[in-house]
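Enquirer: Below is one structure. I have some questions about it.
2 protein chains.
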Amino acid sequence: MDGGRRDEGDASTVGELGERAVLSRILRVLGGTSRAEVGPGDDAAVLAAPGGRVVVSTDTLVHGPDFRLAWSSGADLGWKAAAVNLADIAAMGARPVALFVALALPDDTEARFVDELAQGLRDACDALAPGCAVEGGDLTASDTLTIAVTVLGVLDGGDPVLRSGARPGDVVAVSGELGGAARGVALLFERFRDASGVPTAIDAHALTEAERADVTAQLRPTPPVRRGVEAARAGATAMMDVSDGLLLDATRLADASGVTIDLDAGLDDDALRGGEDHGLLACFPPGAVLPESFVLRGHVRERGAAPVTIAGTPVTGRLGWDPHRDWDAGRG
Amino acid sequence: MDGGRRDEGDASTVGELGERAVLSRILRVLGGTSRAEVGPGDDAAVLAAPGGRVVVSTDTLVHGPDFRLAWSSGADLGWKAAAVNLADIAAMGARPVALFVALALPDDTEARFVDELAQGLRDACDALAPGCAVEGGDLTASDTLTIAVTVLGVLDGGDPVLRSGARPGDVVAVSGELGGAARGVALLFERFRDASGVPTAIDAHALTEAERADVTAQLRPTPPVRRGVEAARAGATAMMDVSDGLLLDATRLADASGVTIDLDAGLDDDALRGGEDHGLLACFPPGAVLPESFVLRGHVRERGAAPVTIAGTPVTGRLGWDPHRDWDAGRG
Chain V
1 MDGGRRDEGD
11 ASTVGELGER
21 AVLSRILRVL
31 GGTSRAEVGP
41 GDDAAVLAAP
51 GGRVVVSTDT
61 LVHGPDFRLA
71 WSSGADLGWK
81 AAAVNLADIA
91 AMGARPVALF
101 VALALPDDTE
111 ARFVDELAQG
121 LRDACDALAP
131 GCAVEGGDLT
141 ASDTLTIAVT
151 VLGVLDGGDP
161 VLRSGARPGD
171 VVAVSGELGG
181 AARGVALLFE
191 RFRDASGVPT
201 AIDAHALTEA
211 ERADVTAQLR
221 PTPPVRRGVE
231 AARAGATAMM
241 DVSDGLLLDA
251 TRLADASGVT
261 IDLDAGLDDD
271 ALRGGEDHGL
281 LACFPPGAVL
291 PESFVLRGHV
301 RERGAAPVTI
311 AGTPVTGRLG
321 WDPHRDWDAG
331 RG
Chain L
1 MDGGRRDEGD
11 ASTVGELGER
21 AVLSRILRVL
31 GGTSRAEVGP
41 GDDAAVLAAP
51 GGRVVVSTDT
61 LVHGPDFRLA
71 WSSGADLGWK
81 AAAVNLADIA
91 AMGARPVALF
101 VALALPDDTE
111 ARFVDELAQG
121 LRDACDALAP
131 GCAVEGGDLT
141 ASDTLTIAVT
151 VLGVLDGGDP
161 VLRSGARPGD
171 VVAVSGELGG
181 AARGVALLFE
191 RFRDASGVPT
201 AIDAHALTEA
211 ERADVTAQLR
221 PTPPVRRGVE
231 AARAGATAMM
241 DVSDGLLLDA
251 TRLADASGVT
261 IDLDAGLDDD
271 ALRGGEDHGL
281 LACFPPGAVL
291 PESFVLRGHV
301 RERGAAPVTI
311 AGTPVTGRLG
321 WDPHRDWDAG
331 RG
């Protein structure tokens, strides 16, 4: 590490500092969090896998399609990159233990921004999945700021909860708010862009309390990570992360399980079709006691003509979210 | 999956096809390779961890700093993205079992290119680490083509070989060619760019056989992945991937172990300072029988003033490779 040889107190950029100095700053922020047998610094990390199985998922945030720097701070981005990955492990009924972060940074990225990003990763782990930490990663140069996170979880001897286990008669429940993230991003696009469509800074005073909550749901989601293991212990037959809209994700679960999911009426379009909420959609056997925070949202039926119905009526139209289609991929 | 609803036979782009159709094409190429308990398709993969420990590393290829599309085919890129990650697991004395691939693609990327990239990933696994497969991933839109791979390995009950275990008296050995990848990239920059510096297609007929080998070492490296486990079994005390040049990586190993590495004379500047070879640098106790392909390159001494010496003389000057400094990050 040659970080000590350069002045890092100024608003230096990644290009000025060089890869090793930036890495040393990141490791300073993350310092002391590793619980691995071998943490950052060798060719690879070494982690215990209690129960002899591991659960692994990966998810990426890209500047343009997934976030805009005018709207997200480094801390927001680090938080969100961790949170959306932690949610995928929770959705398997597993306990997240480690993040691996591939960071691709433009040379003009301020070093301070990278510090904040590391702090955001750390804060999200501490808040959402205590015991989970960044155990490795990779730093490279890019024209496009990109954060690819891979998360590792363990089952502690339990079995994973898949999408394919729902059975007719099960109840359908959701943990986590629905629709807020979609309202939040719509609000950002409508209210915080200039005349030519370029994102501008968020003026929090121009937002109601409810609007601020929606923007926060979009920029700093708080998926119910710990509820995943609780759902598994409560006997969940199937579970998944609600990331692309409830209807689309319920369709996937219904197709994987070969059933129809009949949702109760009463959810609005944002809740049904909005993406990026990162709640948990789970099915439980009839009579199961739902874990805290899960709300009954419907029932599993024998497979009918439609994978998903609402109060018995098949769902039509656009189901949810496709980042290649539903966002403009311009630069913020 | 809505892939079936669109015509995929044409030279369609990722933007035209949409995320789900592209994903379905990738899964078709990778079909049948999963050895996981739960492979691609759920929120996360589930894998066995024989021995109760896992080894994890991540490495990214970014268009511009790490490759140019004028020089690398999709198959080359998939191969290299897998190979450089497999090398990190080998360097821990572990056996790679799964890749997780975060792919960020510009909308104008041809779908055929993505098919080839998936095939390259598969081919590298089959050739370099039989039994390892892509077990998950993520697809997103980006202005910059980016391939972030996380690789998972297992120890099968053995212990990891760290950078920190070298002891005075050990011998130093290297498996894999040194210098070829650096000569290859220098050759590409010198001979296959137009007057304004933009990369142009490689004319293989304009290259000697040795030059072709160097270009191949850069574009499709073949790290000695299986030699990692063999080195561990032969008693290697320390090991690492040689990715940033032998001198720089030997310095890291020497610093981690608190020793001085004295390399033999006779290696040229490309071999000493060239990056991206992805061979294995390992230390073995005196008298150990070196595994096949390892060549004796020096000895471990008590820590002196310099971490690395060549025939007893301290090394001076630039040691190796920093992608934020040593490449121009322009677009190819």
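Protein chains in written order, with UniProt numbering: chain V, 1 to 332; chain L, 1 to 332.
Ideal Cβ positions, reconstructed from N, Cα and C, are used throughout, including at glycine.
Note that this is a predicted model, so its numbers are computed, not measured.
Using the beta-carbon of each residue, which ones in chain V are nearer than 7 Å to L/Pro65?
Expert: Against L/Pro65, the close residues of chain V are Thr140, Ala141 and Ser142, in the order they occur along the chain (beta-carbon pairs closer than 7 Å).
Enquirer: Could you tell me which chain V residues have their CB closer than 7 Å to the CB of L/Pro160, listed as they occur along the chain?
Expert: Val38 and Val46
Enquirer: Considering only C-alpha positions, which residue in the set L/Gly275, L/Thr144, L/Leu253 and L/Ser73 is nearest to V/Gly41?
Expert: L/Leu253
Enquirer: In angstroms, rounded to a whole number, what distance separates the CA positions of V/Ala181 and V/Leu17?
Expert: Roughly 36 Å separates the two Cα atoms.
Enquirer: What does DSSP give as the partner residue(s) for L/Pro40 in the beta ladder?
Expert: For L/Pro40, the pairing in a beta bridge is given by DSSP as L/Asp42.
Enquirer: Provide the residue span of the beta strand (DSSP E) that contains residue 368 of chain V, from first to last.
Expert: This structure gives no information on residue 368 of chain V, because the portion of chain V shown stretches from 1 to 332.
Enquirer: Looking at C-alpha atoms only, which residue of L/Arg167, L/Ala148 and L/Val38 is the closest neighbour of L/His299?
Expert: L/Arg167
Enquirer: Assuming L/Ala173 and L/Ala98 make a contact with CB atoms under 8 Å, what is their CB distance in whole Å?
Expert: Contact doesn't hold; Cβ gap of about 29 Å is too wide.
Enquirer: Report the residues of the region 97-108 of chain V with a CB closer than 9 Å to any CB of chain L, ordered along the chain.
Expert: Ala98, Phe100, Val101, Ala102, Leu103, Ala104, Leu105, Pro106 and Asp107
Enquirer: Between the region 261-273 of chain L and the region 139-159 of chain L, can you find at least three pairs of beta-carbon atoms closer than 8 Å?
Expert: no
Enquirer: When the Cα atoms are used, what is the spatial distance from L/Pro314 to L/Ala306?
Expert: 6 Å
Enquirer: I think L/Ala236 touches L/Ala282, with their Cβ atoms under 8 Å apart; what is that distance to the nearest whole Å?
Expert: 5 Å
Enquirer: Any beta carbon of chain L sitting closer than 9 Å to that of V/Ile89?
Expert: yes
Enquirer: Whole angstroms are fine: how far does the CA of L/Ser57 sit from the CA of L/Ile89?
Expert: 7 Å
Enquirer: Would V/Ala201 and V/Phe192 be called neighbours here (beta carbons separated by less than 9 Å)?
Expert: yes
Enquirer: The beta strand (DSSP E) with V/Glu302 in it runs from where to where?
Expert: Phe294 to Glu302 is the extent of the beta strand (DSSP E) around V/Glu302.
Enquirer: Checking contacts by CB at 9 Å: is L/Ala186 closer than that to chain V?
Expert: no
Enquirer: Any beta-carbon of chain A closer than 9 Å to the one on L/Asp123?
Expert: The question asks about chain A, but that chain is absent: this structure's protein chains are V and L.
Enquirer: Just the C-alpha distance for V/Glu292 and V/Thr60, rounded to the nearest angstrom, thanks.
Expert: Looking at the two C-alpha atoms, the distance is approximately 30 Å.
Enquirer: Within 10 angstroms of its Cβ, does V/Val198 collect 16 or more other Cβ (buried), or is it exposed?
Expert: exposed
Enquirer: Grab me the residues of V/Leu280's own chain with a C-beta within less than 8 Å of its C-beta, minus the 5 sequence neighbours each way, in chain order.
Expert: The beta carbon of V/Leu280 is closer than 8 Å to those of Ala87, Ala90, Ala91, Val174, Ser175, Gly176, Pro223, Pro224, Arg227, Gly228, Ala231, Met239, Met240, Asp241, Val242 and Phe294 in its chain, skipping five residues each way along the sequence.
Enquirer: Is the beta carbon of V/Leu30 closer than 9 Å to that of L/Val54?
Expert: no
Enquirer: Which residues share a DSSP beta bridge with L/His63?
Expert: Per DSSP, L/Phe67.
Enquirer: Does DSSP classify L/Asp143 as helix, strand or coil?
Expert: coil
Enquirer: Among residues of its own chain, excluding the 5 on either side of V/Arg163, which ones have a beta-carbon nearer than 7 Å to its beta-carbon?
Expert: Ala238, Met240, Arg252, Leu253, Ala256 and Ser257
Enquirer: In the structure shown, what three-state DSSP assignment does V/Thr200 receive?
Expert: coil
Enquirer: Could you compute how far the alpha carbon of V/Leu296 sits from the alpha carbon of V/Val308?
Expert: 16 Å
Enquirer: Residue ranges of each alpha helix (DSSP H) run of no fewer than 4 residues wholly in the region 159-232 of chain L, ordered along the chain?
Expert: 180-191 and 209-219
Enquirer: Given this structure, state the Cα-to-Cα distance separating V/Gly52 from V/Leu155, to the nearest angstrom.
Expert: Between the alpha carbons of V/Gly52 and V/Leu155 lies a distance of about 8 Å.
Enquirer: Look at the alpha carbon of V/Gly136 and the alpha carbon of L/Gly64, and state the distance between them as a whole number of angstroms.
Expert: 24 Å
Enquirer: Once the 5 residues before and after L/Ser72 are set aside, which same chain residues still bring their CB inside 6 Å of it?
Expert: Leu219
Enquirer: In this structure, what does DSSP give as the bridge partners for L/Gly74?
Expert: Looking at the DSSP assignment, L/Gly74 forms no beta bridge with any residue, so it has no partner.
Enquirer: Check whether the Cβ atoms of L/Asn85 and L/Val134 lie closer than 9 Å to each other.
Expert: no
Enquirer: What are the start and end residues of the beta strand (DSSP E) that includes V/Val242?
Expert: Ala238 to Val242
Enquirer: Between the C-alpha atoms of V/Arg303 and V/Leu290, what's the straight-line distance to the nearest angstrom?
Expert: 24 Å
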